[in-house]
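Data first, discussion second: the structure below is written as structure tokens.
In the numbering used here, the protein residues as written are 13 to 546.
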């Protein structure tokens with residue numbers, strides 16, 4: 013006899029509101045255990061969710077574009093009673109309950125349009141208070157007509173002069189009509205869409221309090237002042253905020269230590285982050301500030317035929333992260349070379365043994381092992397600045413990230429506890445993570461906790477490059493293609509295989525002399541691998 017069971021999103025490393033980008037099954041499909049059901053795309057990678065057991069798909073509960081978290085139902089499966097498994101849900105439901113944000117009593121940004129005879133009512137959702145900003149660009153529509161949405165789900169993205177922000181849904185319901193399009197300019201109270209909802213909602217946007225109105229009527233002093241909410245700064249203070257709030261803050265580029273929490277025990281809510289961003293959008297430039305010029309808009313079609321393709325999510329987020337690192341970290345790059353003539357000869361002699369053991373022995377595996385030793389000898393490279401920029405956090409573990417190119421963009425899986433692994437173990441783990449990356453199987457936990465990153469372009473070519481530090485790390489090592497060079501030794505030139513090294517580092521933490529010593533240690537250790545045994 014077949015039982016109906018619910019297949020749910022498993023543990024995905026604490027990630028929330030992850031996008032569903034592909035559904036791989038449909039009702040009626042017979043599937044096997046571990047068959048891929050759907051593909052999720054998080055901030056850092058794509059991952060496929062496998063079926064925990066075999067059976068026949070009865071119904072699919074999700075669609076492309078939905079956002080899911082751990083414990084959400086994917087589909088129902090008809091499985092033989094003897095094979096049916098009970099999927100634990102209590103922990104997931106408790107986690108989901110913990111993630112419920114504290115709700116404000118004031119309702120805003122919506123008004124009833126019409127109410128049907130039943131419990132349903134139609135709401136005209138409006139742009140809420142965005143700090144007085146006007147003619148703000150609509151740069152993204154995140155919903156479509158007919159889509160069922162949850163309360164606080166992002167509807168559209170606005171871009172002002174200084175920041176971008178998502179406008180959340182004031183209630184759960186079904187989208188009946190969308191009143192804006194990408195490229196429109198909107199202001200407070202501009203209509204966004206028509207929403208059919210069962211929730212009873214107040215119809216008017218919240219009005220400013222008498223105190224706020226009085227402040228607006230006060231004459232402006234000649235001294236320019238910031239309108240950002242005041243926040244008491246305490247070095248090392250712990251910010252209280254849930255995972256969903258932290259995700260929104262990361263997307264906006266907001267430092268949560270600067271946000272004043274209005275929740276219980278000063279806990280930061282989604283509304284607090286949105287208020288902070290709205291204030292930034294409307295804040296006038298204070299004298300003496302610095303801002304980068306905006307890139308001009310160019311109509312390339314004037315010069316010939318063009319094709320416009322949107323960047324995928326991983327490339328967009330990678331762009332944001334590397335741009336932030338480049339702007340906030342004072343980069344310096346130290347160049348060196350390592351004589352790997354003997355190491356390459358040893359590697360080749362062990363190729364057959366490695367193949368029999370099930371892995372491919374590469375120079376990168378040796379470099380990774382040497383880097384772990386270098387981090388132990390020079391602990392300032394195995395550290396990160398805290399959010400205040402006044403303290404250095406030294407790590408007592410050695411996790412090394414390896415940059416991997418995939419069709420969807422660059423990802424950095426992390427090899428954990430490299431100091432405890434042999435070179436063969438490192439090669440095995442490197443192959444496993446690289447395969448997961450290319451098959452969209454990386455989980456957030458696979459890319460978390462890195463202390464130092466290695467980016468190898470040796471298989472492609474080049475003599476040197478300047479890799480960008482993977483914040484919050486303080487250094488990154490780039491490897492280029494090795495080549496035979498004449499090296500003057502003991503009165504004569506000898507052909508030696510030289511590996512170019514490019515070490516970029518955060519000059520706030522690391523001095524030039526320290527970087528030179530670190531690079532030299534790696535170079536000398538690769539020239540004679542026995543050094544790391546000392």
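Heads up, the beta-carbon is just placed ideally off N, CA and C, and yes, glycines get one too.
*Would you check if there are 3 or more beta carbon pairs closer than 8 Å linking the segment 350-361 to the segment 446-466?*
No, the segment 350-361 does not touch the segment 446-466.
(message) Just to check my reading of the structure: residue 511 and residue 537 have Cβ atoms closer than 8 Å, yes? What is that Cβ distance to the nearest angstrom?
(response) Not confirmed; about 12 Å, so no contact.
*asked:* Would residue 492 pass as an interface residue toward chain B - the criterion being a Cβ-Cβ separation below 8 Å?
replied: In the structure shown, chain B cannot be found, because there is only a single protein chain.
* Identify which residue in 462, 88, 499 has its Cα closest to the Cα of residue 349. => Ranking the options by Cα distance to residue 349, first place goes to 499.
Excluding the 5 residues flanking residue 27 on each side, which residues of the same chain have their C-beta closer than 6 Å to its C-beta? Short of 6 Å from the beta carbon of residue 27, and not among the five residues preceding or following it, lie these beta carbons of its own chain, in chain order: 54, 456.
### Query
According to the Cβ coordinates, are residue 390 and residue 530 closer than 8 Å?
In contact: residue 390 and residue 530 (Cβ atoms closer than 8 Å).
**Prompt:** What are the boundary residues of the beta strand (DSSP E) that residue 30 is part of?
**Reply:** In the DSSP annotation of this structure, the continuous segment of the beta strand (DSSP E) that includes residue 30 starts and ends at 30-35.
Open item on the list: My assumption, with CB atoms under 8 Å, is that residue 138 sits in contact with residue 204. Please give the rounded CB distance.
Closed with: With 8 Å as the limit, residue 138 and residue 204 qualify as a contact, their Cβ atoms being about 7 Å apart.
- Have a look at the DSSP bridge pairing and note the partners of residue 345. Looking at the DSSP output, residue 345 bridges to 516.
| task | Would you kindly check if the distance between the Cβ of residue 395 and the Cβ of residue 521 is under 8 Å? | result | For residue 521 and residue 395, yes; Cβs fall inside 8 Å.
Since I believe residue 74 is in contact with residue 32 (beta carbons under 8 Å), could you give me their beta-carbon distance rounded to a whole number of angstroms?
Separation of the CB atoms of residue 32 and residue 74 is rounded to 5 Å, and the pair is thereby assigned contact status at 8 Å.
Checklist entry - Hey, quick one: how far does the beta strand (DSSP E) through residue 209 stretch, first residue to last? => result That run of the beta strand (DSSP E) goes 203-209.
Between the alpha carbons of residue 309 and residue 140, how many angstroms are there, rounded? Between residue 309 and residue 140, the C-alpha separation is close to 28 Å.
So, helix, strand or coil for residue 326, using DSSP? Assigned with DSSP and collapsed to three states, residue 326 falls in helix.
### Query
Is the CB-CB distance between residue 87 and residue 52 below 8 Å?
No, these two residues do not count as a Cβ contact at 8 Å.
Next item on the list: Using the DSSP secondary-structure output, state which residues sit across from residue 187 in a beta bridge.
Entry: DSSP, once it has assigned bridges, lists 207 as partnering residue 187.
Judging by CA-CA distance, which residue of 59, 505, 352, 311 is the nearest neighbour of residue 539? Ranking 59, 505, 352, 311 by Cα distance to residue 539 puts 352 first.
Under 8 Å between the Cβ atoms of residue 425 and residue 459?
Their beta carbons are under 8 Å apart, which means residue 425 touches residue 459 by this criterion.
Exercise. Report all residues from its chain with a CB closer than 7 Å to the CB of residue 69; omit the five preceding and five following residues, and keep chain order.
Key: If you ignore the 5 residues before and after residue 69, its C-beta comes within less than 7 Å of the C-beta of 37, 38, 39, 40, 41, 43, 87, 89, all in its own chain and listed in chain order.
query = Quick one: what's got a C-beta closer than 6 Å to residue 534's C-beta in the same chain, skipping five residues either side?
reply = Excluding residues within five positions, the ones whose Cβ falls inside 6 Å are 382, 386.
Check residue 444 in the structure and name its three-state DSSP category.
Reduced to three states, the DSSP call for residue 444 is helix.
request  = Find out if the Cβ-Cβ distance for the pair residue 155, residue 170 is shorter than 8 Å.
outcome  = Cβ atoms of residue 155 and residue 170: not closer than 8 Å.
Item to check | Assigned exposure category for residue 482 - 16 Cβ within 10 Å defines buried | outcome: With at least 16 other beta carbons inside 10 angstroms of its own, residue 482 counts as buried.
Measuring straight from C-alpha to C-alpha, what distance separates residue 317 and residue 373? Taking the straight line joining both Cα atoms gives about 47 Å.
| CA-CA distance, residue 19 and residue 47? | One C-alpha to the other measures close to 12 Å.
Notebook entry, point to check: Where residue 119 and residue 182 are concerned, what is the direct C-alpha to C-alpha distance, given to the nearest angstrom?
Noted result: Its pLDDT being 42, under 50, residue 119 is placed unreliably by the model, and the measurement read from it follows with that caveat. For residue 119 and residue 182, the distance between alpha carbons rounds to 7 Å.
* Where residue 456 falls: helix, strand or coil (DSSP) -> Helix, per DSSP.
*Give, in chain order, every unbroken run of the beta strand (DSSP E) that is at least 3 residues long and sits entirely within the segment 340-396.*
Counting whole runs of 3 or more residues, the segment 340-396 contains the beta strand (DSSP E) stretches 343-351.
query: What's the C-alpha gap between residue 532 and residue 331?
result: So the two alpha carbons sit approximately 31 Å from each other.
Q | Identity of the residue in 168, 293, 337 nearest residue 480 by Cα | A | Comparing alpha-carbon positions, the option among 168, 293, 337 lying closest to residue 480 turns out to be 337.
Taking the C-alpha atoms as reference points, what is the distance between residue 30 and residue 77? Cα-Cα distance, rounded: 9 Å.
Just verifying my parser: in three-state terms, what is the DSSP assignment at residue 147? Three-state result, residue 147: coil.
Practice item. Return the residue from the list 496, 503, 515, 440 that minimises the CA-CA distance to residue 476. Key: Ranking the options by Cα distance to residue 476, first place goes to 515.
- prompt: According to the neighbour-count rule (16 or more other Cβ atoms, all chains shown, within 10 Å of its Cβ), is residue 289 buried or exposed?
  reply: Buried.
Quiz prompt | Assigned exposure category for residue 432 - 16 Cβ within 10 Å defines buried | solution = It is exposed - the Cβ of residue 432 has fewer than 16 other Cβ atoms within 10 Å.
Original post:
Under a Cβ-count criterion, where at least 16 other Cβ atoms within 10 Å of its own Cβ denotes burial, should residue 478 be classed as buried or exposed?
Top reply: Exposed, because fewer than 16 other Cβ atoms sit within 10 Å of the Cβ of residue 478.
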